[in-house]
Structure formats: C-alpha cells, structure tokens
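>
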Amino acid sequence: MKRIAGQNQDETTETDHRKKQTLANLPESPLHPPRDKMSVSQVNGKFSALPHDAEVIPFPLDVWEEIFLNLPPHFVVCVCRLVCNEWKDVADSESFWKERCRREGYHLNDPTKVPRDWRMFYFLSKNRRNLIKNPRGEDGFQRWNIVQNGGDKWSLENPRLPHPNPAVKKTFVTSYYMCMKEQLIDLEKEGYSPSFMDEIQPHIRISDWYAPRWDCGSIYEISVQLLDKNKRIVKTFSPEQVSFPQWNDQQWNQMVHVFKDYGPGVRYVNFCHGGRDTQFWAGHYGIRVTESCVEVCPALET
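Position 46 (the sequence shown) corresponds to 48 in our numbering; numbering is contiguous.
1. Count the other C-beta atoms from every protein chain shown that fall within 10 angstroms of the C-beta of Gln-44, then say buried if there are 16 or more, exposed otherwise.
2. Rounded to a whole number of angstroms, what is the C-alpha to C-alpha distance between Glu-88 and His-109?
3. What number of angstroms, rounded off, separates the C-alpha of His-286 from the C-alpha of Tyr-178?
4. Compare the C-alpha of Asp-154 against each of Val-296, Asn-250, Glu-293, Gly-277 and name the closest.
5. Thinking Glu-293 and Val-170 are a contact (beta carbons under 8 Å), I'd like their distance in whole angstroms, please.
6. Using the three-state DSSP reduction, which class does Thr-280 fall into: helix, strand or coil?
7. Here's a check: name, in chain order, each residue in its chain whose Cβ is nearer than 6 Å to the Cβ of His-275, leaving out the five neighbours to either side.
8. When the Cα atoms are used, what is the spatial distance from Lys-231 to Arg-269?
9. Identify every run of the alpha helix (DSSP H) within the segment 57-95, keeping only runs that are complete inside it and at least 4 residues long; order them along the chain.
10. Tell me which same chain residues have a C-beta within less than 7 Å of the C-beta of Leu-186, skipping the five on either side of it?
11. For my contact list, Glu-67 and Val-85 are in at a C-beta cut-off of 8 Å; report their separation, rounded to the angstrom.
12. How far does the alpha helix (DSSP H) with Tyr-124 in it extend, from its first residue to its last?
13. Would Val-226 and His-205 be called neighbours here (beta carbons separated by less than 8 Å)?
14. Would you kindly report the start and end of the unbroken beta strand (DSSP E) that includes Phe-261?
15. Where do the N-terminal and C-terminal ends of the alpha helix (DSSP H) with Ser-197 fall, by residue?
16. Measuring straight from C-alpha to C-alpha, what distance separates Arg-234 and Glu-201?
17. For Asn-151, which residues in the same chain have their Cβ closer than 8 Å to its Cβ, ignoring the five residues on either side in sequence?
18. Starting from Ser-220, follow its DSSP beta bridges and name the residues at the other end.
19. Using the C-alpha atoms, what's the distance from Phe-61 back to Leu-133?
20. Which whole-angstrom value describes the C-beta separation of Lys-90 and Trp-146, a residue pair presumed to lie in contact below a C-beta threshold of 8 Å?
21. Quick check on the burial criterion: 16 or more other C-beta atoms within 10 angstroms. Buried or exposed for Arg-307?
22. Straight-line CA distance for Asn-72 to Gly-265?
23. How many angstroms separate the CA atom of Leu-229 from the CA atom of Gly-139?
24. May I ask which residues mark the beginning and end of the beta strand (DSSP E) holding Glu-293?
25. Buried or exposed: where does Ile-208 fall if 16 or more other Cβ atoms within 10 Å of its Cβ makes it buried?
26. Could you say which of His-76, Phe-70, Arg-104, Leu-126 lies nearest to Glu-297 if we only look at CA atoms?
27. Looking only at DSSP bridge pairs, what is Asn-147 linked to?
28. Can you tell me whether Pro-247 is buried or exposed, with buried defined as 16 or more other CB within 10 angstroms of its CB?
29. Within 10 Å of its beta-carbon, does Gly-219 have 16 or more other beta-carbons around it, so buried, or fewer, so exposed?
30. To which residues of the same chain is Gln-203 closer than 6 Å at the C-beta, ignoring the five residues directly before and after it?
31. I need the boundaries of the beta strand (DSSP E) containing Asp-112, first residue and last residue.
32. Can you tell me which of the three DSSP states Arg-104 falls into?
Below you can see the structure in the form of structure tokens.
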C-alpha cells in the first residue's frame with residue numbers, strides 16, 4: 003500500500019512540474035499576466051494559472067447583462083443561466099429580454115398589451131414561422147383534410163408558370179366540381195400558450211397563392227376561422243369568390259389577411275381553400291393553389 007501511495011504522490015508531483023513547465027512557456031501577451039507574477043494552484047483537483055495577487059472582483063449585474071446581450075440567446079438560456087445564481091438572475095430578468103427585443107427590433111403591436119414573460123415574447127417573435135404543414139404539396143396531401151373532392155378530384159402538378167418563390171415546385175390542382183381542403187392548427191401545441199394568446203392577442207397573418215389555367219375559366223375560394231377551445235368561431239375571414247375568365251394570363255395572385263383585436267379565447271386556426279373550373283372539363287383545369295401560410299406575429303412588422 004505504501005508503494006502505491008508513493009507512486010500517486012510522485013505522479014502528482016510530476017503533473018505539477020509539467021503544469022509549471024507549460025506555464026513557463028506561455029508567450030508574453032496582453033492576454034497573460036507577466037510570468038513572474040503567476041503561480042500554479044490546484045482547485046478541486048484541477049490546475050489553473052493565477053496571479054499571486056489575484057482578487058476575485060464581482061462584476062456589476064449590468065456588466066453581465068451587456069456581455070449576455072452579445073451572446074446567442076440559446077446559449078444564454080441553456081448555458082449561462084446554469085452557471086450560478088447571479089447569472090441565472092441576469093438571464094431570467096425582464097430587463098435583459100426587454101432590451102434584447104429592443105435591440106433586435108421586436109416591438110409590441112399594441113403598447114398597452116405588455117407581455118408578462120418577455121423571454122417568451124422574444125423567442126416567439128424570433129422564431130416566427132409558417133404553421134401550415136406541407137404548404138406546397140411536396141408530401142402529397144399529408145396533413146390536409148379533404149373537405150370536397152369533386153370532379154376528377156384534387157391532384158398535384160408542377161407550376162405552369164414559375165412561382166415568385168423559386169422554392170415552390172408543386173401546386174395543388176382542382177377539377178370541374180368543387181374541391182376544398184383544410185388544415186386545423188392547434189396554437190398551444192405550436193408553442194402559443196392560452197395566456198399569451200389572451201394577453202398579447204398577437205396578429206395572425208394568413209396568405210395563400212392561387213393561379214388559373216390560361217385556357218379555362220376557374221373559381222378560387224378561401225375561408226379562415228379563428229376558433230376557441232371548443233372550436234366555436236371567434237373570427238372569420240371569408241372573402242367573395244375570385245373568378246377568372248377563359249383565356250387569361252394565368253399569373254400567380256396572393257391573398258393576404260391579418261387578424262387583429264380578435265379578443266381573448268383563440269386556441270385554433272382553421273385554414274380552408276380550393277375551387278374549381280367553370281367549363282366543366284374532365285381532368286384538372288381548375289384553380290391551382292400553393293404556398294399557403296399562417297403566421298402568428300407577436301412583434302410589430304417593420
């Protein structure tokens with residue numbers, strides 16, 4: 003036993019010697035104190051180089067806040083706030099996330115509706131996204147509920163004219179009787195809590211792209227509803243049908259609407275659209291739709 007203990011002591015001495023050698027070889031630079039003022043100390047079994055006269059001087063919280071404001075937000079939440087109570091207080095503070103929103107341009111739509119959780123407001127604003135799944139038909143009709151499937155039914159094809167978004171490579175196509183499909187969005191499952199929806203009532207922006215065939219008349223129809231927890235209608239956007247004559251320019255058109263001041267209670271968004279041709283031709287000569295979008299917009303659009 004004594005021999006083993008002696009070996010361990012020798013190993014520790016040798017390790018200490020190697021650390022001192024490494025320290026002695028440090029280059030002179032503004033990032034290192036002069037070598038003659040440094041020593042090797044052992045803390046919790048690990049070696050570190052410290053000045054002989056080193057003092058631990060706590061930074062004011064506003065200094066830590068400024069440092070954190072220059073770090074990626076996920077790093078602040080997942081790393082910095084776990085280091086110590088002081089850093090956690092900074093990372094959780096209202097002033098920190100409020101200032102982060104200000105610097106990155108995330109301003110309230112309505113200054114009278116102030117979030118209780120500025121961190122949530124920040125991340126929901128930063129991570130704004132399209133809540134419609136499979137908006138371009140790249141996955142067939144997955145995630146869509148077919149409401150009406152008239153004529154020769156819904157189908158998919160490549161755009162007849164390039165879409166303004168080059169990423170769009172597929173479109174949904176209707177037939178000679180009405181074709182309608184819908185998608186129900188559960189806002190809470192998407193990260194928008196009931197309290198956030200009720201207190202902030204963020205704008206909800208919907209958009210849809212549609213185009214006719216040049217050689218056949220067609221009709222486009224859309225209806226979007228905001229629903230409460232029992233799926234009762236709170237607000238509806240349902241404009242008149244859009245009609246295209248035969249021999250048109252088959253250009254892409256965009257339908258856009260923003261829900262505002264809809265009141266508390268919204269928990270779901272139901273997006274429904276479609277149409278048909280007006281010539282009653284067999285096949286798929288009806289309206290084309292693609293790139294459907296539903297976005298929750300906590301911050302003011304600039």
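Beta carbons: idealized from backbone N, C-alpha and C, even for Gly.
According to the structure data:
1. Reliability of the predicted coordinates at Gln-44 is poor, the pLDDT of 37 falling under 50, and the value obtained from them is presented with this limitation in mind. Counting Cβ neighbours within 10 Å, Gln-44 comes out exposed, since fewer than 16 surround it.
2. 28 Å
3. 7 Å
4. Gly-277
5. 5 Å
6. coil
7. Asp-210, Ile-224, Val-291
8. 5 Å
9. 63-71, 75-80, 87-94
10. Tyr-270, Asn-272
11. With 8 Å as the limit, Glu-67 and Val-85 do not qualify as a contact, their Cβ atoms being about 14 Å apart.
12. 120-128
13. no
14. 255-261
15. 196-202
16. 20 Å
17. Cys-181
18. Phe-246, Asp-279
19. 42 Å
20. In fact, because the Cβ distance is near 44 Å, the residues do not count as touching under 8 Å.
21. What is shown of the chain runs 3 to 304, which leaves residue 307 out entirely.
22. 37 Å
23. 25 Å
24. 290-299
25. buried
26. Leu-126
27. Glu-184
28. exposed
29. buried
30. none
31. Segment: none, Asp-112 is in no beta strand (DSSP E) and carries neither H nor E.
32. helix
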